[in-house]
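Asker: In our numbering, the protein residues as written are 11 to 420. Positions of the beta carbon are idealized from the N, C-alpha and C atoms, including for glycine.
What follows is the structure, encoded as structure tokens:
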């Protein structure tokens with residue numbers, strides 16, 4: 011039986027651990043299906059080690075469960091950044107990390123053979139040349155080292171000029187402190203602040219979506235593919251059924267919900283000949299496939315039809331058919347003018363027309379009117395009538411009203 015390890019080598023696995031407890035933390039040990047009780051215990055121990063100040067334990071009839079309680083407006087950083095720092099490493103990894111970077115501090119440009127000899131001479135550390143070359147190439151890919159080709163020879167070197175300048179700039183520290191709280195890939199700002207030994211003393215975020223940092227690895231791979239105009243294969247795990255599937259698409263744009271902060275990939279699925287949106291938190295892996303000659307054409311096409319989206323559903327886009335919805339509301343003037351202002355502000359391009367005293371008509375055409383229903387229900391009590399070209403939407407709205415009426419009268 012293998013020993014418990016606090017650190018793990020796969021970030022996707024780390025992401026699953028944290029999400030299980032952060033989003034689905036209501037499950038007890040016995041309710042944690044799909045994995046063994048021992049796996050549950052190991053995941054719980056890792057979480058308590060990584061994020062102990064934010065772990066909450068609740069006792070229920072079926073046992074106890076743990077979850078994460080994180081209040082963004084009280085914190086100076088995102089505690090979930092810690093899960094980015096849980097990768098396991100070998101003895102050689104950690105030794106070479108410090109020795110190579112320390113040996114190259116003076117900016118000398120050296121071959122892998124020279125670095126190997128230097129480590130032996132200065133630190134009494136003997137390593138194989140191929141091991142040193144692989145490690146240096148890895149650091150080049152990660153941006154820690156640079157390399158140049160001199161004839162047939164490859165030399166490696168460290169350039170600290172930018173880092174030394176950045177560490178001395180107080181204003182840059184403030185910018186990084188703000189960025190780590192507010193920006194996508196905030197882990198970058200957090201890492202730089204820690205390297206410069208600075209702390210965020212100025213900024214707090216009232217409504218932060220800290221959990222979305224777990225998707226940044228997926229987001230980065232998608233942005234790379236979009237920059238190179240590549241199609242990708244997505245490995246997806248359904249958030250409802252946990253079923254695994256794979257699909258190929260051309261990634262075009264990233265959508266971010268202003269309400270939940272949830273992020274979506276909008277891509278063109280060639281097999282279906284239509285645009286589809288995928289939740290980033292359901293994507294497990296992104297694999298580049300090939301460069302797409304039609305990428306710019308599809309980008310322009312999405313730009314033309316984007317204003318006909320209410321949310322992220324292209325339900326009828328394949329047939330170039332738009333749902334039409336009209337809603338008549340009673341808005342008393344002038345005491346309820348704030349309702350009228352909200353209707354115009356949140357209506358996302360819909361047309362608002364005054365049809366009679368204290369009566370307004372709201373009209374809109376979108377791909378999927380089902381997405382409007384949560385917003386429409388917020389006007390309950392003021393809606394005089396609602397009509398939709400998709401009769402299922404209309405029927406669902408009135409059916410929900412009848413059900414709500416029944417609950418309040420029985």
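Using DSSP with H/G/I as helix, E/B as strand and the rest coil, what is residue 55?
Answerer: In the chain shown, residue 55 corresponds to position 45, counting from 1. If DSSP states are grouped into helix, strand and coil, residue 55 belongs with the helices.
Asker: Would you please verify whether the beta carbon of residue 187 is less than 8 Å from any beta carbon of chain C?
Answerer: In the structure shown, chain C does not exist; there is a single protein chain.
Asker: Can you tell me which residues form a DSSP beta bridge with residue 264?
Answerer: Working through the chain shown from its first residue, we reach residue 264 at position 254. According to DSSP, residue 264 bridges with 275.
Asker: Residues in the same chain with beta-carbon distance under 8 Å from residue 173, minus the five sequence neighbours each way, listed in chain order, please.
Answerer: Stepping through the chain shown from its first residue, residue 173 is reached at position 163. For residue 173, where only same-chain residues beyond five positions count, the Cβ hits under 8 Å are 205.
Asker: Just to confirm my understanding: we take residue 371, look at its own chain, exclude 5 residues before and 5 after, and list those with CB closer than 7 Å. What are they?
Answerer: As a working note, residue 371 is residue 361 in the chain shown. Closer than 7 Å at the Cβ level, and outside the excluded window around residue 371, lie 336, 338, 363, 365.
Asker: Check this for me: beta carbons of residue 246 and residue 294, under 8 Å apart or not?
Answerer: If you number the chain shown from 1, residue 246 lands on position 236. If you number the chain shown from 1, residue 294 lands on position 284. For the 8 Å CB-CB criterion, residue 246 and residue 294 form a contact.
Asker: Would you tell me roughly how many angstroms separate the C-alpha atoms of residue 123 and residue 139, rounded to the nearest one?
Answerer: Locating residue 123 in the chain shown gives position 113, counting from the first residue. Locating residue 139 in the chain shown gives position 129, counting from the first residue. Using only the alpha carbons, I get a separation of about 6 Å.
Asker: Using 8 Å for Cβ pairs, my map puts residue 256 next to residue 243. What's the rounded Cβ distance?
Answerer: Start at 1 with the first residue of the chain shown, and residue 256 comes out as number 246. Start at 1 with the first residue of the chain shown, and residue 243 comes out as number 233. About 6 Å separates the beta carbon of residue 256 from that of residue 243, a gap short enough to meet the 8 Å contact definition.
Asker: Check this for me: beta carbons of residue 106 and residue 78, under 8 Å apart or not?
Answerer: To locate residue 106, count along the chain shown from 1; it is residue 96. To locate residue 78, count along the chain shown from 1; it is residue 68. Cβ distance not < 8 Å, so residue 106 and residue 78 don't count as in contact.
Asker: Check for me: the alpha helix (DSSP H) holding residue 147 runs from which residue to which?
Answerer: Here residue 147 is taken as the residue at index 137 of the chain shown, counted from 1. Unbroken alpha helix (DSSP H) run through residue 147: 139-151.
Asker: Expressed to the nearest angstrom, what Euclidean distance is found between the alpha-carbon atoms of residue 11 and residue 93?
Answerer: Residue numbering aside, residue 11 sits at position 1 when the chain shown is read from its first letter. Residue numbering aside, residue 93 sits at position 83 when the chain shown is read from its first letter. Here residue 11 scores only 44 on pLDDT, less than 50, and its place in the model is too uncertain to base an answer on.
Asker: Between 170, 121, 400, 148, which lies nearest to residue 161 when the distance is taken from Cα to Cα?
Answerer: Along the chain shown, one-based indexing puts residue 161 at 151. Among 170, 121, 400, 148, the Cα nearest to that of residue 161 is on 121.
Asker: I'd like to know whether the C-beta atoms of residue 125 and residue 133 end up nearer to each other than 8 Å.
Answerer: Position 115 of the chain shown, counted from the start, is the residue given in the question as residue 125. Position 123 of the chain shown, counted from the start, is the residue given in the question as residue 133. No, they are not a contact pair.
Asker: Hey, out of 344, 322, 238, 351, whose CA is closest to residue 298's CA?
Answerer: As a working mapping, residue 298 is identified with position 288 in the chain shown. For the residues 344, 322, 238, 351, the minimum Cα distance to residue 298 belongs to 238.
Asker: Quick check on the burial criterion: 16 or more other C-beta atoms within 10 angstroms. Buried or exposed for residue 70?
Answerer: As a working note, residue 70 is residue 60 in the chain shown. Answer is exposed; the Cβ neighbour count stays below 16.
Asker: Hey, could you find the ends of the alpha helix (DSSP H) residue 418 is sitting in?
Answerer: To locate residue 418, count along the chain shown from 1; it is residue 408. 401-419 is the extent of the alpha helix (DSSP H) around residue 418.
Asker: Are there 16 or more other CB atoms within 10 angstroms of the CB of residue 48, so buried, or fewer, so exposed?
Answerer: Position 38 of the chain shown, counting from 1, holds the residue named residue 48. It counts as exposed.
Asker: Got a sec? Which residues, its chain only, sit under 6 Å from residue 236 by beta carbon, not counting five neighbours each side?
Answerer: Counting from one through the chain shown, the residue named residue 236 turns up at place 226. The residues are 261.
Asker: Which residues bound the beta strand (DSSP E) around residue 340?
Answerer: Here the question's residue 340 lines up with position 330 in the chain shown. Here the beta strand (DSSP E) through residue 340 covers 333-340.
Asker: Need the endpoints of the beta strand (DSSP E) that residue 365 sits in, please.
Answerer: Here residue 365 refers to the residue found at position 355 when the chain shown is read from its first residue. Note, residue 365: beta strand (DSSP E), 361-366.
Asker: Starting from residue 344, trace the alpha helix (DSSP H) both ways and give me its first and last residue.
Answerer: Here residue 344 refers to the residue found at position 334 when the chain shown is read from its first residue. Careful: residue 344 lies outside any alpha helix (DSSP H) and carries neither H nor E.
Asker: Could you check whether residue 50 and residue 89 sit closer than 8 Å to each other, using their CB atoms as the reference points?
Answerer: As a first step, residue 89 is located in the chain shown; it is residue number 79 there, counting from the start. As a first step, residue 50 is located in the chain shown; it is residue number 40 there, counting from the start. For residue 89 and residue 50, no; Cβs fall outside 8 Å.
Asker: For a test of the three-state rule: what should DSSP assign to residue 398, helix, strand or coil?
Answerer: What you label residue 398 is simply residue 388 of the chain shown in a count that begins at 1. Assignment of residue 398 by DSSP, reduced to helix, strand and coil, places it in the strand class.
Asker: Measuring CA to CA, which of 137, 119, 118 is closest to residue 127?
Answerer: Position 117 of the chain shown, counted from the start, is the residue given in the question as residue 127. Ranking 137, 119, 118 by Cα distance to residue 127 puts 137 first.
Asker: Which class does residue 304 belong to by DSSP, given the choice of helix, strand or coil?
Answerer: As a first step, residue 304 must be located in the chain shown, where it is residue number 294. The answer is coil: DSSP assigns residue 304 none of H, G, I, E or B.
Asker: Would you decide whether residue 307 is buried or exposed? Buried here means 16 or more other CB atoms lie within 10 Å of its CB.
Answerer: Stepping through the chain shown from its first residue, residue 307 is reached at position 297. Under this definition residue 307 is an exposed residue.
Asker: Looking only at C-alpha atoms, which of 324, 342, 354 sits nearest to residue 380?
Answerer: Taking the chain shown and counting its residues from 1, the one referred to as residue 380 is at position 370. Residue 380 has its Cα closest to that of 324, out of 324, 342, 354.
Asker: Could you give the DSSP three-state label for residue 95: helix, strand or coil?
Answerer: The residue you call residue 95 lines up with position 85 of the chain shown. Helix.
Asker: Going by DSSP in three states, residue 67 sits in which element: helix, strand or coil?
Answerer: As a position in the chain shown, residue 67 is number 57, starting the count at 1. Here residue 67 sits in strand by DSSP.
Asker: Taking all protein chains shown into account, decide if residue 347 is buried (16 or more other Cβ within 10 angstroms of its Cβ) or exposed.
Answerer: Taking the first residue of the chain shown as 1, we reach residue 347 at position 337. Burial call: exposed.
Asker: Between the C-alpha atoms of residue 229 and residue 240, what's the straight-line distance to the nearest angstrom?
Answerer: What you label residue 229 is simply residue 219 of the chain shown in a count that begins at 1. What you label residue 240 is simply residue 230 of the chain shown in a count that begins at 1. About 14 Å.
Asker: Give me the DSSP bridge partner(s) of residue 243.
Answerer: For the purposes of this step, residue 243 is taken as residue 233 along the chain shown, with counting starting at 1. The partner list for residue 243 (beta bridge, DSSP) reads 258, 297.
Asker: Residue 187: buried (16+ other C-beta within 10 angstroms of its C-beta) or exposed?
Answerer: The residue labelled residue 187 in the question sits at position 177 within the chain shown. With 16 or more other Cβ atoms within 10 Å, it is buried.
Asker: Residue 176 to residue 194, Cα distance in whole Å?
Answerer: Walking along the chain shown from the start, residue 176 turns up at place 166. Walking along the chain shown from the start, residue 194 turns up at place 184. Roughly 20 Å separates the two Cα atoms.
Asker: Using only alpha-carbon positions, find the residue among 18, 149, 213 that is nearest to residue 52.
Answerer: Residue 52 sits at position 42 when you count from the first residue of the chain shown. Nearest C-alpha to residue 52: 18.
Asker: For residue 73, which beta-bridge partners are listed by DSSP?
Answerer: Locating residue 73 in the chain shown gives position 63, where the first residue counts as 1. Note: residue 73 sits in a beta bridge opposite 70.
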